[in-house]
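Since the structure comes first, as structure tokens, the remarks are kept for the end.
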Amino acid sequence: MDAISSLIRMARLEAMLDVRCLLAGSHVLNNPPRGPGEAPFRVLLDGHCVVETGTSRVEMHAGDVLVLPRAHGHRVRVTGLRPTAPVEEYAGRSVTTVSSAAPPEVDLFCGHYSFGPGAGQLLFDGLPDVLYGSFGGEAGSPLRLLGELMRLEAGADGPAAGALPVSLCEALLALALRGAGDERTGVPRLTSPWTAVRDPGLRAVVDTVVQRPEEAWTITRLARVAGVSRATLVRRFPAATGMSVAEFLARIRSA
320 MDAISSLIRM
330 ARLEAMLDVR
340 CLLAGSHVLN
350 NPPRGPGEAP
360 FRVLLDGHCV
370 VETGTSRVEM
380 HAGDVLVLPR
390 AHGHRVRVTG
400 LRPTAPVEEY
410 AGRSVTTVSS
420 AAPPEVDLFC
430 GHYSFGPGAG
440 QLLFDGLPDV
450 LYGSFGGEAG
460 SPLRLLGELM
470 RLEAGADGPA
480 AGALPVSLCE
490 ALLALALRGA
500 GDERTGVPRL
510 TSPWTAVRDP
520 GLRAVVDTVV
530 QRPEEAWTIT
540 RLARVAGVSR
550 ATLVRRFPAA
560 TGMSVAEFLA
570 RIRSA
């Protein structure tokens, strides 16, 4: 199992679908910042919208997913071709839905991840302010298929109707991490859990500790893994990850 998959498993994330937006015409959806330990995500199944944060402006197209690890407040702009229709809200079987009276031009799922200290905090702290994945142009891509399954399950009835969409949201993060990045957004493609860790020796340290946290790691042993001196590891690791080697070990072991 790779380091990202291990961190997701160790993080014990809780995913929640908050609302499904079926919109026609033009709308502006203002989203306040979320609290500590939460990261909102957006999945666009149909149409086009723009997500604006204080630092980024991302155009989303059908099949795109966006995660805000820093829980920033943001605005979703929908500019449709049809006349703007009033929006009504109703409680669905597994997700609350806001819908325009007219046939929708945009089908947008909004939810959030909840996580605690340890591996969850470590995972989200190491991600960029905007995590973006674009799979809309790939017919049969995993994320596209996942989105279609979310659409079907949003209207499902019967026992455990709400359980599958939540599980799908957890799979969604793994797919976004695996395929994040797109040239048109300027959001970087991820190569490791910590986007700042570009040094292969430091990545080796991260991967090794995540895979075998129970071992009695010392700075000297990890310096050998990285192929550098002890002093170099102590200097480079916090510069790349924002935490000392000791803090990294403590967070992984507390998961």
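Numbered continuously in my numbering, the sequence shown closes out at residue 574. We put the beta carbon where it would ideally sit given N, CA and C, even for glycine. Nothing here was measured: the structure is a model prediction, and the numbers come from that model.
| Query | Result |
| --- | --- |
| Roughly how many angstroms lie between the CA atoms of L491 and L465, to the nearest whole one? | 7 Å |
| Between G366, L441, S325 and T403, which lies nearest to S345 when the distance is taken from Cα to Cα? | T403 |
| Tell me, which residues are paired with V288 by DSSP? | Nothing can be reported for residue 288: it is not among the residues displayed for the chain, which extend from 320 to 574. |
| Extract the residue ranges of the beta strand (DSSP E) inside the stretch 402-444, only unbroken runs of 3 or more that lie entirely within it. | 406-410, 415-419 and 425-433 |
| Where L337 and L494 are concerned, what is the direct C-alpha to C-alpha distance, given to the nearest angstrom? | Checking the sequence shown, residue 337 turns out to be Asp, not Leu. The straight-line gap from Cα to Cα measures roughly 20 Å. |
| Return the CA-CA distance between L487 and A334, expressed in angstroms with no decimal places. | 9 Å |
| DSSP state of S453, grouped into three classes? | strand |
| Which stretch, first to last residue, makes up the beta strand (DSSP E) that contains V386? | D383 to V386 |
| Given that a residue counts as buried once 16 or more other Cβ atoms are within 10 Å of its Cβ, and exposed if not, what is G452? | buried |
| Buried or exposed: where does Y432 fall if 16 or more other Cβ atoms within 10 Å of its Cβ makes it buried? | buried |
| With burial defined as no fewer than 16 other Cβ atoms inside 10 Å of the residue's Cβ, what is the status of L298: buried or exposed? | There is simply no residue 298 to check, as the chain begins at 320 and stops at 574 in what is shown. |
| So for A322, helix, strand or coil by DSSP? | helix |
| Around the Cβ of N349, are there at least 16 other Cβ atoms within 10 angstroms (buried) or fewer (exposed)? | exposed |
| Do L385 and V377 have their CB atoms nearer than 8 Å? | yes |
| Find the nearest neighbour of G520 within the set A545, S325 and P532, judged by alpha-carbon distance. | A545 |
| Tell me which residues share the same chain as R503 and place their Cβ nearer than 6 Å to its Cβ, disregarding the 5 neighbours each side in the sequence. | Only weak support is given to the placement of R503: the predicted model assigns it a pLDDT of 47, under 50, and the value that follows is read from those uncertain coordinates. No residues qualify anywhere along the chain. |
| Report the residue from A558, A438, V362 and S419 whose alpha carbon sits nearest the alpha carbon of R470. | V362 |
| Mind checking P359: buried by the 16 CB within 10 Å criterion, or exposed? | buried |
| To the nearest angstrom, how far is it from the Cα of V525 to the Cα of H391? | 27 Å |
| In terms of residues, what are the limits of the beta strand (DSSP E) holding A559? | Note, A559: premise wrong, no beta strand (DSSP E); alpha helix (DSSP H) at R549 to T560. |
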